[in-house]
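Student: This is the structure I want to talk about, given as structure tokens.
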Amino acid sequence: MKFIDVFGKAKYVSATNNYQFPYIRKSFHLDKPVKRAELFVSVLGFSELYINGKKLTEDLYLFPYTQYNKQYPEDLPACCADDPFFNDDISYTILYNRFDIKNLLQKSKNVIGIIVSGGWYRSGEDKHGTFRNYGATKVCFRIKIEFEDGEKREILSGEDCRWQESFLIEAGVFHESQDERKEILNFSETDYDDSDWNKVCIAQIPNESEFRLNDCPANKIIRYVQAKCIKCTDEYAIYDVGENITGFPILKSENVQEGDSIFCVYSEELDENGELNEFHSYNQNTSFVSDGRKIHNLRFTWHGFRYFKVWATKGTISCEVCAVVHADVKNTSEFHSDSPLLNWIYDAYINSQLQNYQCGLPTDCPQIERKGYTGDGQLLADLGMMLFDSKKIYRKWIQDIVDCQDSKTGFVHYTAPCFIGCGGGPGGWSIAIISVPYAYYKAYGDKEILIEFYPKMKKYLRFMQDSSLNGVVEKSREGWFLGDWESPRGRNGLLPPEFVNTCFYILALKQMIKIAEVLGNSEDALDYEKRIIELSENINARFYNAETGDYCENDQGANAIALKVGLGDCRTVENLAKRYNHLCEFDTGIFATKYLIEMLMEYGYQEVAYKMLTSEKECSYASWKKRGATTLYESWRNARSYNHPMFGSVVEYFFSYLLGIRQVANSVAYQKVEIKPLAVNALKKISGSLQTASGRISVSIDCLENGTRFVIYIPENMEANFIYKGTTRKLQIGKNDIII
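Under this note's numbering, think of the first position of the sequence shown as 66, with each following residue one higher.
Here it is as structure tokens:
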């Protein structure tokens, strides 16, 4: 919908004098009983919403991040002015909320009040000290009222709204500073006098944007964790939360007077002296100018940390608990085994992924960039939809991905929403425009999403074709050209990006064949098959050693990537297994790690895969666990981020191979599955469950003296077969107890 369809004659309003963090308020009178009343509201920035002094929701950081409207070079630093981004013809989306406010209105004076912060719309300085924004923060609302006598009336944002400076000194995504002396606690109450407030200015309506109702899981305070003081001096105190979290501390002050300042900085790690490691702080900081109150906390952003340091210009600061904040997405899976390390990998991935569902996005990390990187997101999409009630967040993110496609060239940006200067590659990142909708279709059976976005997917394939030179994908525009990112062999690894991106081009074509068949586009499917043959021949000519059967010298998981897209022969598999059975640690990056474990299990080398997963060498999951990690790292060595879910992609195979829960080839929404577990000598007990679109399925495997016992529960709406070591049988609805 367009703006007028949602908001009618309402107008976006902003503070004057380029002030970005205002209180905005409007009063109105009702003279008779209300039958129904709905508020439609859009805030470009983050916000808190009030009617007659009552907060409308405890949801945090309204509204989710989208590609709001066009950005212009003059609004951004000079370093961004020449970015090809500004020549891209992308799309724009603004989310609005709808609230039933009937029970909050009264037959007399009423007030709507809004506190506005920068949020992602005016995000402040990022880790590079770069300031980026979409324009001035702004508010629009429309209240539709129907009285009991049938009369209808509308209350609209416009020139009669008023604004005042708030308690926010700085309030973007990366920082927040408050002057508590300026907080007006009763600003939205009916008896508050706003006669000295300022008139708003009318802001430009972003008419190029589509307006969509927000149904994305909101950020909330999910739980509280204890904070322990581990160092206390006369000047400051350092606290340990005991785990890596996203959120903020609830600070308490003593002997802090009005006008005194309070400071808090955050880090994921301590240095050798027990102080905060500044490298892992990423300029995350908070400050308060006190009004004499005793409790202090953030309102409009979160941080990623385990440790934090607090101090004040006078008095003392303490902390008992921290709030854990992320999108209200639930883990709907279970996994247990007699391998403590496999259990840790699962738990660390769950923690990492939950804390990277932020503001309507699956983000890369919650403390540094905080963006929807398409490489990380597409890699984890199947798993995210498998283990969490994440349907709505992925549906929203798919729209973000599509919005970030250049309609002229088909190029898809490396973050969605797109952010200037973010790295990626046309294969492993931009493939998200195909792989994420396809994963959504497989998980939930929603064919409409394929119908809607199929033309966009085809346009991306044309971009990949245009980006090919001498039969492989080459760098096609200014900026990044990444392959298997974050290998311990160097951040972009040793694998040629041309090899990695061309393999992803083949993978995209394979997925498009399946999509074309679902949609009845048989001619397209034939064309894609021909292209796969051509690309495969080109890869073999450039990267394949016919004497050994290896790709790129079997380095850094190259054979696994090739096998994933249907290349190679039995030697490719054997050499892959031989290399990693000997190496017994990861030399792979973001993509090859996942495909290494998958291909080893797929071709019957689950013992080697298990050996890799449970390795205790330097580049291993165990090395993170030994360091006390509770979330996954971005790199095997010298990680920047300690809360990065991407290396959790291997957890998918705990369920699909070790437990054996797999959809059959043409099934959607888990209507048809097979339970086909792989035996691993060291695993004697393993169990897990998934809440699918067709119901909850669970598998328990217990190795006994006289055989192996399988207890399998199948929901009513699912067909299932059991396959194990030559045994095949149809499973019944409910409990199946099998000993082999």
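Note that beta-carbon positions come from the ideal geometry of N, C-alpha and C, so glycine has one too.
Consult DSSP for D767 and reduce its assignment to one of helix, strand or coil.
Tutor: By 1-based counting over the sequence shown, the position of residue 767 is 702. Residue state, collapsed to three classes: strand.
Student: K265 by DSSP, collapsed to three states: which one?
Tutor: As a position in the sequence shown, residue 265 is number 200, starting the count at 1. First, the amino acid is wrong: residue 265 is Val here, not Lys. Reduced to three states, the DSSP call for V265 is coil.
Student: If we count Cβ pairs, one from each stretch, closer than 8 angstroms, do we get three or more for the segment 342–359 versus the segment 236–254?
Tutor: yes
Student: Exposed or buried, what is V729 when buried is set at 16 or more other beta-carbons lying within 10 Å of its beta-carbon?
Tutor: As a first step, residue 729 must be located in the sequence shown, where it is residue number 664. Exposed, by the Cβ-count rule.
Student: Buried or exposed: K682, going by 16 or more other Cβ atoms within 10 Å of its Cβ?
Tutor: Within the sequence shown, residue 682 is the residue found at index 617, counting from 1. With fewer than 16 other Cβ atoms within 10 Å, it is exposed.
Student: If you count every other CB in all the chains shown that lies within 10 Å of the CB of H647, and 16 or more means buried, which is it?
Tutor: Locating residue 647 in the sequence shown gives position 582, where the first residue counts as 1. Exposed: under 16 other Cβ atoms inside 10 Å.
Student: Looking at G475: is its Cβ nearer than 7 angstroms to the Cβ of G440?
Tutor: Reading the sequence shown from its first residue, position 410 is the one you call residue 475. Reading the sequence shown from its first residue, position 375 is the one you call residue 440. In this structure, G440 does not lie closer than 7 angstroms to G475 by Cβ.
Student: At what residues does the beta strand (DSSP E) containing Q756 begin and finish?
Tutor: Along the sequence shown, read from residue 1 onward, the residue named residue 756 stands at position 691. It spans 750–757 - the beta strand (DSSP E) in which Q756 sits, taken as one unbroken run.
Student: Determine the DSSP secondary structure at P314, reduced to helix, strand or coil.
Tutor: The residue you call residue 314 lines up with position 249 of the sequence shown. In this structure, P314 counts as strand in the three-state DSSP scheme.
Student: Do the CB positions of Y707 and E333 come within less than 7 angstroms of each other?
Tutor: Sequence index remark: in the sequence shown, residue 707 carries index 642 (1-based). Sequence index remark: in the sequence shown, residue 333 carries index 268 (1-based). For Y707 and E333, yes; Cβs fall inside 7 angstroms.
Student: Between L448, P553, Y77, C684, which lies nearest to S107 when the distance is taken from Cα to Cα?
Tutor: The residue you call residue 107 lines up with position 42 of the sequence shown. Taking only the C-alpha atoms, the option nearest S107 is Y77.
Student: Name the one or two DSSP bridge partners that A377 has.
Tutor: On the sequence shown, position 312 is the one that residue 377 refers to. Beta bridge pairing from DSSP links A377 with I327.
Student: For the alpha helix (DSSP H) holding T255, just list the boundary residues, first then last.
Tutor: Taking the first residue of the sequence shown as 1, we reach residue 255 at position 190. Counting along the chain, T255 falls outside any alpha helix (DSSP H), and DSSP gives it neither H nor E.
Student: In this structure, how does DSSP classify W228 when only helix, strand and coil are distinguished?
Tutor: Counting from 1 along the sequence shown, the entry for residue 228 is found at position 163. If DSSP states are grouped into helix, strand and coil, W228 belongs with the strands.
Student: At what residues does the alpha helix (DSSP H) containing K523 begin and finish?
Tutor: Taking the first residue of the sequence shown as 1, we reach residue 523 at position 458. Note, K523: alpha helix (DSSP H), 513–531.
Student: Look at the alpha carbon of Q470 and the alpha carbon of C329, and state the distance between them as a whole number of angstroms.
Tutor: What you label residue 470 is simply residue 405 of the sequence shown in a count that begins at 1. What you label residue 329 is simply residue 264 of the sequence shown in a count that begins at 1. Answer to the nearest angstrom: the Cα atoms are 39 angstroms apart.
Student: Let me know the secondary structure DSSP gives R705 once reduced to three states.
Tutor: Translated into positions along the sequence shown, residue 705 becomes position 640. In this structure, R705 counts as coil in the three-state DSSP scheme.
Student: Label F344 either buried or exposed according to how many other C-beta atoms from any shown protein chain fall within 10 Å of its C-beta, with 16 as the threshold for buried.
Tutor: Here residue 344 corresponds to residue number 279 of the sequence shown, with the count starting at 1. That one is exposed.
Student: If you compare alpha carbons, which of E618, Y675, A606 is closest to N408?
Tutor: Indexing the sequence shown from 1 puts residue 408 at position 343. Measuring C-alpha to C-alpha distances from N408 to each of E618, Y675, A606 identifies Y675 as the nearest.
Student: Quick check on DSSP: helix, strand or coil for I762?
Tutor: Position 697 of the sequence shown, counting from 1, holds the residue named residue 762. Three-state DSSP puts I762 in a strand.
Student: Going straight from the alpha carbon of H391 to that of Y505, what length do you get?
Tutor: One-based indexing of the sequence shown puts residue 391 at position 326. One-based indexing of the sequence shown puts residue 505 at position 440. In a straight line, the C-alpha of H391 is about 22 angstroms away from that of Y505.
Student: Which one or two residues does DSSP pair with F775 in a beta bridge?
Tutor: For the purposes of this step, residue 775 is identified with residue 710 of the sequence shown, where counting begins at 1. For F775, which the question treats as bridged, DSSP gives the partners I766, I803.
Student: How long is the line joining the alpha carbons of H94 and W262, rounded to whole angstroms?
Tutor: For this step, residue 94 is matched to residue 29 along the sequence shown. For this step, residue 262 is matched to residue 197 along the sequence shown. C-alpha separation (whole angstroms): 19 angstroms.
Student: By alpha-carbon positions, which one of G585, I303, A590 ends up nearest to L526?
Tutor: What you label residue 526 is simply residue 461 of the sequence shown in a count that begins at 1. Residue A590 is the option with its Cα nearest to L526.
Student: Hey, quick one: how far does the alpha helix (DSSP H) through K436 stretch, first residue to last?
Tutor: Stepping through the sequence shown from its first residue, residue 436 is reached at position 371. Counting along the chain, no alpha helix (DSSP H) covers K436, and no H or E run does either.
Student: Kindly give me the distance between the Cβ atoms of A75 and I210, rounded to whole angstroms, as I take these residues to be in contact under 8 angstroms.
Tutor: On the sequence shown, position 10 is the one that residue 75 refers to. On the sequence shown, position 145 is the one that residue 210 refers to. In fact, because the Cβ distance is near 14 angstroms, the residues do not count as touching under 8 angstroms.
Student: Determine the burial state of R702: buried for a count of at least 16 other Cβ atoms within 10 Å of its Cβ, exposed for fewer.
Tutor: Counting from one through the sequence shown, the residue named residue 702 turns up at place 637. Here R702 is exposed. Its C-beta has fewer than 16 other C-beta atoms within 10 Å.
Student: May I ask which residues mark the beginning and end of the alpha helix (DSSP H) holding F569?
Tutor: Taking the first residue of the sequence shown as position 1, residue 569 is located at position 504. Counting along the chain, the alpha helix (DSSP H) containing F569 begins and ends at 562–584.
Student: Please name the residue in S601, E667, A694, Y186 whose C-alpha comes closest to that of A744.
Tutor: Along the sequence shown, read from residue 1 onward, the residue named residue 744 stands at position 679. When only C-alpha atoms are compared, the closest one is E667.
Student: Can you tell me whether P405 is buried or exposed? The criterion is at least 16 other CB atoms within 10 Å of its CB, across all chains shown.
Tutor: The residue given as residue 405 occupies position 340 in the sequence shown. So P405 counts as exposed.
Student: Could you have a look at T637 and say whether DSSP puts it in helix, strand or coil?
Tutor: Here the question's residue 637 lines up with position 572 in the sequence shown. Note: T637 maps to helix in three-state DSSP.
Student: Whole angstroms are fine: how far does the CA of D225 sit from the CA of N83?
Tutor: For the purposes of this step, residue 83 is taken as residue 18 along the sequence shown, with counting starting at 1. For the purposes of this step, residue 225 is taken as residue 160 along the sequence shown, with counting starting at 1. When only Cα atoms are considered, N83 and D225 end up about 19 angstroms apart.
Student: By the 10 Å Cβ neighbour count, where 16 or more other Cβ atoms means buried, how is E319 classified, buried or exposed?
Tutor: Residue mapping note: residue 319 aligns to position 254 of the sequence shown, counting from 1. Counting Cβ neighbours within 10 Å, E319 comes out exposed, since fewer than 16 surround it.
Student: Using only the alpha-carbon positions, how far apart do Y789 and N782 sit?
Tutor: Here residue 789 refers to the residue found at position 724 of the sequence shown. Here residue 782 refers to the residue found at position 717 of the sequence shown. Those two C-alpha atoms are separated by around 23 angstroms.
Student: CB-CB under 8 angstroms to N117, same chain, minus the five flanking residues each way: which ones, in chain order?
Tutor: As a first step, residue 117 is located in the sequence shown; it is residue number 52 there, counting from the start. Here the set comprises L169, L170, Q171, N175, V176, S253, E254, T255.
Student: Determine the extent of the beta strand (DSSP E) in which I415 is found, giving its start and end residues.
Tutor: Looking up residue 415 in the sequence shown gives position 350. Counting along the chain, I415 sits inside no beta strand (DSSP E); it lies in the alpha helix (DSSP H) bounded by residues 405–419.
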